[in-house]
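Asks:
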Amino acid sequence: MNTAKKWFLIDGSRLLVAGLFVLAAFLVTFGLVSADLITFEPASAVKSLFASGIVSGVFSLITITLTVNQLILSRVFGTVDGLTDRIDGSLEFRHAVEDVAGVPSSPNQPDEFLVLIGEAITERADAFADELGTPDGETRGEIDEYLADIRTYAGRIEGVEGTDDTLEIVSTLLGPAYARNLTATDRLLRKYDGDLPDPARDELEAILELVKSVAVARQFFKTIAIQQNLARLSRLLAYLGVPVLLGTFFVTTIYTTVPTTTVAQPLLPAVVSLGVAVVFVPLAILLSYVLRTASIARYTVSVGPFVPPEERV
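Be aware that the sequence shown starts at 213, since it is given in our numbering, and climbs by one per residue.
1) Find the nearest neighbour of Val-519 within the set Ala-389, Leu-422, Leu-480, Val-493, judged by alpha-carbon distance.
2) Taking only heavy atoms of the ligand SAM into account, decide whether any of them is closer than 6 Å to the Cβ of Leu-442.
3) State buried or exposed for Arg-352, treating a residue as buried only when at least 16 other CB atoms are found within 10 Å of its CB.
4) Counting pairs of beta carbons, one from the segment 376–388 and one from the segment 425–433, are three or more of them closer than 8 Å?
5) How close, in whole Å, do the beta carbons of Val-312 and Ala-341 come, if the pair is a contact with beta carbons under 8 Å?
6) Under DSSP, the alpha helix (DSSP H) around Thr-397 begins and ends at which residues?
7) List the whole-angstrom C-beta distance separating Ser-302 from Glu-310, where the pair is believed to meet the contact cut-off of C-beta under 8 Å.
8) Using 8 Å for Cβ pairs, my map puts Phe-262 next to Thr-460. What's the rounded Cβ distance?
9) Rounded C-beta distance between Ser-507 and Ile-222? I'm assuming under 8 Å.
10) For Asp-377, which of helix, strand or coil comes out of DSSP?
11) Just confirm the distance between the C-beta atoms of Leu-386 and Thr-215, as a whole number of angstroms; I'd bet it's less than 8 Å.
12) Give the DSSP-derived three-state secondary structure of Gln-321 in the structure shown.
13) Whole angstroms are fine: how far does the CA of Ile-250 sit from the CA of Ala-443?
14) Closer than 7 Å by C-beta to Glu-343: which residues in its own chain qualify, once you throw out the five before and the five after it? Chain order, please.
15) Buried or exposed: Gly-487, going by 16 or more other Cβ atoms within 10 Å of its Cβ?
16) Would you tell me roughly how many angstroms separate the C-alpha atoms of Leu-239 and Thr-465, rounded to the nearest one?
17) Counting along the chain, where does the alpha helix (DSSP H) carrying Ser-500 start and finish?
18) Quick one: what's got a C-beta closer than 7 Å to Pro-481's C-beta in the same chain, skipping five residues either side?
19) Since I believe Ile-497 is in contact with Leu-449 (beta carbons under 8 Å), could you give me their beta-carbon distance rounded to a whole number of angstroms?
20) On the three-state DSSP scale, how would you describe Asn-441?
21) Taking the straight line between their C-alpha atoms, what separation do you get for Pro-494 and Ala-339?
22) Does DSSP put Leu-426 in a helix, a strand or coil?
23) Let me know if Leu-326 comes out buried or exposed under the rule of 16 or more other beta-carbons within 10 Å of its beta-carbon.
24) Between the C-alpha atoms of Arg-399 and Leu-359, what's the straight-line distance to the nearest angstrom?
25) From Leu-457 to Gly-330, what distance separates their C-alpha atoms?
26) In whole angstroms, what is the alpha-carbon distance linking Tyr-365 and Glu-324?
Below, the structure written as structure tokens:
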């Protein structure tokens with residue numbers, strides 16, 4: 213995925229992306245009017261279209277907001293047993309990472325937790341190289357290539373340090389890199405199982421467990437990021453609902469009962485095009501957030517070593 217596409221789908225400000233959609237709606241509408249393909253003359257159906265849009269817009273906005281809130285609350289609420297199981301599962305995962313990383317406790321912040329994993333992978337890779345000794349030329353080349361790849365991957369994980377946005381952390385971990393390193397580590401373990409010294413095998417097994425933990429952490433943080441994304445969407449729709457409906461109402465007042473308007477006819481194309489853009493704002497907000505949520509889900513769908521072609525960014 214190129215930088216512009218990734219920015220548009222995931223990394224970019226949703227308000228800015230929505231603003232681009234709104235600007236496009238204004239320009240397209242104004243362009244069609246300028247080309248005489250549509251008209252906003254006093255005798256046109258603009259007033260009835262905007263008037264009917266007020267009622268339908270209210271109910272659509274309420275329905276969408278309630279649906280989004282329901283999605284969020286379905287993940288928040290739970291029974292005591294269910295919540296306890298989730299907490300116990302999180303603690304077990306943290307303890308497993310701490311044991312492999314050789315630390316008594318792990319950070320609570322997502323970025324610091326991932327940095328701990330990245331540093332542990334680097335340390336284990338260095339220890340594996342030291343314990344391995346000096347194998348023959350062909351084996352040496354394969355292992356050197358593996359070590360270079362796993363260290364690069366660890367550096368990428370450590371690069372999230374200082375990142376406060378969970379979504380940005382998830383964005384850094386997109387793609388099949390973890391699956392490639394998971395498969396490469398497992399292949400070395402199986403291929404050279406009888407030839408590796410026990411200490412070297414132990415280090416390689418530790419790397420395998422750490423790479424697995426990255427996959428689990430990515431899915432967990434993805435869930436948090438999507439929940440936060442939907443919460444922001446619901447809040448924005450609630451904030452924008454009334455102003456947009458008022459804007460729609462004001463456009464209808466331009467057209468009087470007699471075949472004339474309260475705005476000079478040369479200004480009608482710009483004024484009504486602006487009204488169309490204002491009405492489009494909630495949909496643009498919804499579209500920008502849905503694009504982000506769907507893109508995150510698409511590019512993080514795999515957990516194991518199998519990666520669908522669609523996930524390759």
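Note that the Cβ used here is the ideal one computed from N, Cα and C, for glycine as well.
Replies: A quick look at the data gives this:
1) Ranking Ala-389, Leu-422, Leu-480, Val-493 by Cα distance to Val-519 puts Ala-389 first.
2) In terms of ligand content, the structure shown is empty, and the ligand SAM therefore cannot be addressed.
3) By the 10 Å Cβ count, Arg-352 comes out exposed.
4) Using a Cβ-Cβ distance cut-off of 8 Å, the segment 376–388 and the segment 425–433 are in contact, since at least three pairs of beta carbons, one from each stretch, lie closer than that value.
5) Not really, about 18 Å apart at Cβ, beyond 8 Å.
6) In the DSSP annotation of this structure, the continuous segment of the alpha helix (DSSP H) that includes Thr-397 starts and ends at 389–403.
7) With a contact defined as Cβ atoms closer than 8 Å, Ser-302 and Glu-310 miss out at about 13 Å.
8) About 5 Å; that satisfies the 8 Å criterion.
9) With a contact defined as Cβ atoms closer than 8 Å, Ser-507 and Ile-222 qualify at about 5 Å.
10) Looking at Asp-377 - three-state DSSP - the assignment turns out to be coil, as it is neither helix nor strand.
11) Not quite, the Cβ-Cβ distance comes to about 13 Å (not below 8 Å), so this is no contact.
12) Coil at Gln-321, not helix or strand.
13) Between Ala-443 and Ile-250, the C-alpha separation is close to 38 Å.
14) The answer, listed in chain order, is Pro-409, Pro-411, Ala-412, Glu-415.
15) Looking at its Cβ environment, which holds 16 or more other Cβ atoms inside 10 Å, Gly-487 is buried.
16) When rounded, the distance between both Cα atoms is 23 Å.
17) First-last of the alpha helix (DSSP H) with Ser-500: 480–511.
18) Same-chain partners within the cutoff: Phe-242, Val-245, Ser-246, Phe-252.
19) Contact holds; Cβ gap of about 6 Å.
20) Here Asn-441 sits in helix by DSSP.
21) Looking at the two C-alpha atoms, the distance is approximately 55 Å.
22) At residue 426 the sequence reads Val, which differs from the Leu that was named. In the three-state scheme derived from DSSP, where H, G and I count as helix and E and B as strand, Val-426 is classed as helix.
23) Flag for Leu-326 reads buried.
24) Approximately 13 Å between the Cα atoms of the pair.
25) Their backbone Cα atoms lie some 50 Å apart in a straight line.
26) Tyr-365 and Glu-324: Cα-Cα distance of roughly 16 Å.
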